[in-house]
Every structure is written in C-alpha cells, then in structure tokens.
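Below is one structure, written out as structure tokens; comments come after it.
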Amino acid sequence: MADNALFDLQRLHLSSTTPSTPSASASATELAFHLGALAQNFAIEWVESCDSTNARLVDAPPPDDGRVHVLVADRQTAGRGRRGRQWQSWQGASLTFSVLWRFEPGAPAPAGLSLTSGLALARALEALGVQGVQLKWPNDVLVHGEKLAGILVELLPTRGRPPAAVIGIGLNLRLPADAHFPGQTGVTDLARALDAAPPSRSAVLATLLAELLHLFDTYAIAGFPALRGAWEQRNAFAGLPVAIAGEGSTQFGICTGVDDDGALLLQTESGMQRVLAGDVSLRPLTGGTP
Ligand code: BTN
C-alpha cells in the first residue's frame with residue numbers, strides 16, 4: 123500500500139520542482155515506513171527543491187484521487203510566510219511541506235481551519251515529547267514564547283468545486299547557529315525544545331501528518347467548535363493584554379479566547395470585538411493608549 127502511494131506520487135508533475143534525488147526518494151520511503159497503514163491515505167511527493175510547496179499546490183493542484191496530497195521540499199527558494207512575508211529555511215535544518223485538503227461536496231467555507239492546523243501541529247509536537255507548546259493566534263506554534271513553527275493556509279478558488287485548502291507548514295528542526303530572522307524575535311527549533319537531537323525529518327513528518335489527518339477528520343464531521351476548547355487550552359495569550367496589528371491600524375484589548383469560527387475575541391474599552399486577521403503581540407499593561 124505504502125509503495126503504491128509512493129509510486130503514484132512520482133507521477134505528479136508539478137512545475138518548478140526539481141525532480142526527486144535519491145536522498146529525497148529515500149526520505150519518502152522512510153516516511154511511508156513511519157506512516158505504516160496510514161500511508162494509504164496520502165499521496166506524497168518529496169522533492170529536493172522548489173520555490174514554495176504552497177505555491178506549487180495552489181498553482182497546480184493535483185487531481186482529486188481521494189487521497190491527501192502532500193508536497194515536501196528539502197529546500198524552498200521562495201518560501202511564503204503569512205501576510206506577504208518570506209519564510210526562511212535551511213536545507214536539513216527545517217521541515218517544509220504543504221498538504222492539500224479537500225472538503226466534502228456541499229461543505230461550507232472552512233472556518234477555523236487555520237486554527238485546527240495549528241492545534242494538530244501542537245498535539246503532534248506534544249506527542250514527540252515537546253513540553254510547553256502554545257498557540258499564538260491564528261496558528262503560530264510557540265515553545266516557551268519562542269516560535270517553533272509557522273503555518274500558511276491558502277484557500278483554492280472553488281470554481282464550483284467543493285472548498286479545498288493548502289496548508290503549508292514550516293518547522294524549525296535544528297537552526298544554524300548564525301540563523302538570522304530580520305524583524306522577528308524569539309525563534310526556536312525542535313532540538314532546543316526537546317533538549318535533545320530531534321527524530322529524523324520523516325519520523326517528525328509522519329507524526330504531524332497522522333495528527334493532521336485525525337483532526338481534519340474531526341473538523342470535517344464536527345467543525346471547529348469541537349476543537350475550540352483544546353485550542354484555548356494552549357492559547358499563549360489567554361487573559362493577557364495584547365496589541366493586534368492589522369492593515370493600517372492596531373487594536374488593543376484583553377485576549378479572551380476564540381469563537382466557533384476561529385475569530386480572536388478581544389475585550390476592548392468599547393466592548394467585545396471579533397478579530398479576523400492581524401498579528402498579535404503581547405502588550406505591557408502600563409503606559410500607552412488602550
Ligand atoms: C508564517 O509563520 O508566516 C507561515 C510560514 C509558513 C511556511 C511554510 S514552509 C512550507 C510552506 N510553503 C511555503 O511557501 N510556506 C509554507
């Protein structure tokens with residue numbers, strides 16, 4: 123079963139990818155081993171290099187064959203981050219992959235999918251032994267306040283088809299000592315979070331894919347309301363004063379949680395606000411305008 127999954131994915135021809143090298147093929151084989159029986163749910167392509175795994179799946183989604191398509195790249199030349207930013211990664215130092223998730227015909231536009239993805243990542247990391255995993259709305263994964271992984275969710279144009287989303291995940295495994303992230307403070311990696319050598323990339327990826335599959339199944343049946351409590355348990359800013367930088371303006375308030383659609387709930391001086399997009403940061407209680 124696993125071999126078939128791997129064989130089929132060799133046939134996917136996604137533009138702007140560098141064909142699999144022996145090492146990428148070996149990683150894919152190892153991944154199938156770690157996934158075991160779950161491998162049959164996935165069509166996995168593991169390439170040495172591409173511009174962005176998200177861009178490849180968004181621009182050229184493979185035909186729906188009932189499986190979840192996954193594109194993994196050893197190296198991205200133009201990794202995309204949230205809000206138009208770049209995502210930096212280093213070969214061998216990061217795990218970068220995207221998952222194409224298709225919803226059942228008739229499913230409503232996905233609400234809370236982004237938070238569900240973050241929750242799956244958090245739970246998978248906990249299963250790998252990471253302690254102190256927290257979620258920063260909408261879906262950054264933090265460990266002791268430092269960013270370990272980021273997620274970029276992009277919805278495909280439906281054009282009369284059921285909704286589908288590309289969920290791109292970048293996880294730092296072991297950053298080079300001189301890694302520099304302009305404009306960003308507090309970045310960590312799995313080696314530090316575990317205080318030990320991390321498992322192989324394929325072992326980590328298998329754990330993440332298993333949890334994504336599990337939570338997306340729950341999400342498809344019961345939606346985000348069924349997962350909201352688990353997300354809120356890991357909310358890094360629960361009950362804290364925050365600033366939310368949006369397009370051209372910043373909102374201030376106390377982060378009280380998220381609603382059933384995954385919107386952030388912000389207690390402000392003018393009442394409870396639902397926030398749909400923005401960058402959240404902790405704000406000191408003293409000084410400044412509320
Ligand atoms: C963020 O925190 O800003 C989101 C980062 C998402 C990065 C991943 S790496 C794999 C996938 N391909 C991309 O181009 N971006 C996502």
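Under my numbering, read the sequence shown as residues 123 to 412, first letter to last. Don't be surprised by glycine CBs; every beta carbon is placed ideally from N, CA and C.
Do the region 175-192 and the region 356-365 touch if we need at least three Cβ pairs shorter than 8 Å?
Not touching, per the Cβ criterion.
Label Glu391 either buried or exposed according to how many other C-beta atoms from any shown protein chain fall within 10 Å of its C-beta, with 16 as the threshold for buried.
When all chains shown are included, Glu391 counts as exposed.
Please work out which residues of its chain come closer than 6 Å, Cβ to Cβ, to Leu87, disregarding the five sequence neighbours upstream and downstream, and give them in chain order.
One cannot answer for residue 87 here, as it falls past the ends of the chain, which runs 123 to 412.
Could you tell me the boundaries of the beta strand (DSSP E) in which Glu268 lies?
Residues Glu268 to Leu277.
Looking at ligand 1, does it come within less than 6 Å of Ser171, judged from the CB to the closest heavy atom?
It does not: the Cβ of Ser171 is nowhere closer than 6 Å to a heavy atom of ligand 1.
How about the region 363-375 and the region 331-338: do they share at least three Cβ pairs that are nearer than 8 Å?
With the cut-off at 8 Å, the region 363-375 and the region 331-338 do not touch.
In three-state DSSP terms, what is Gly351?
The answer is helix: DSSP assigns Gly351 an H, G or I state.
Where are the beta strand (DSSP E) runs, 3 residues long or more, that stay fully inside the region 171-236, in chain order?
Counting whole runs of 3 or more residues, the region 171-236 contains the beta strand (DSSP E) stretches 190-198 and 216-224.
Taking DSSP as the reference, what is the three-state secondary structure of Gly375?
Here Gly375 sits in strand by DSSP.
Measure the C-alpha to C-alpha separation of Val326 and Gly393 and round it to an integer number of angstroms.
Val326 and Gly393: Cα-Cα distance of roughly 43 Å.
Using a Cβ-Cβ cut-off of 7 Å (strictly less than) and excluding sequence neighbours within five positions of Asn126, which residues of its own chain qualify?
Here Asn126 scores only 31 on pLDDT, less than 50, and its place in the model should not be relied on; the value that follows carries that caveat. Contacts found: none.
Looking at the structure shown, is Arg283 part of a helix, part of a strand, or coil, going by DSSP?
Correct three-state label for Arg283: coil.
Any contact between the region 231-238 and the region 344-358? By contact I mean 3 or more CB pairs, one from each, below 8 Å.
Counting Cβ pairs under 8 Å, three or more are found: they touch.
Assuming contact is defined by CB atoms lying nearer than 7 Å, are Leu387 and Gly379 in contact in what I supplied?
Result yes, Cβ atoms of Leu387 and Gly379 sit closer than 7 Å.
Compute the Euclidean distance between the alpha carbons of Gly290 and Val221, then round it to the nearest angstrom.
If you take the alpha carbons of Gly290 and Val221, they lie about 6 Å apart.
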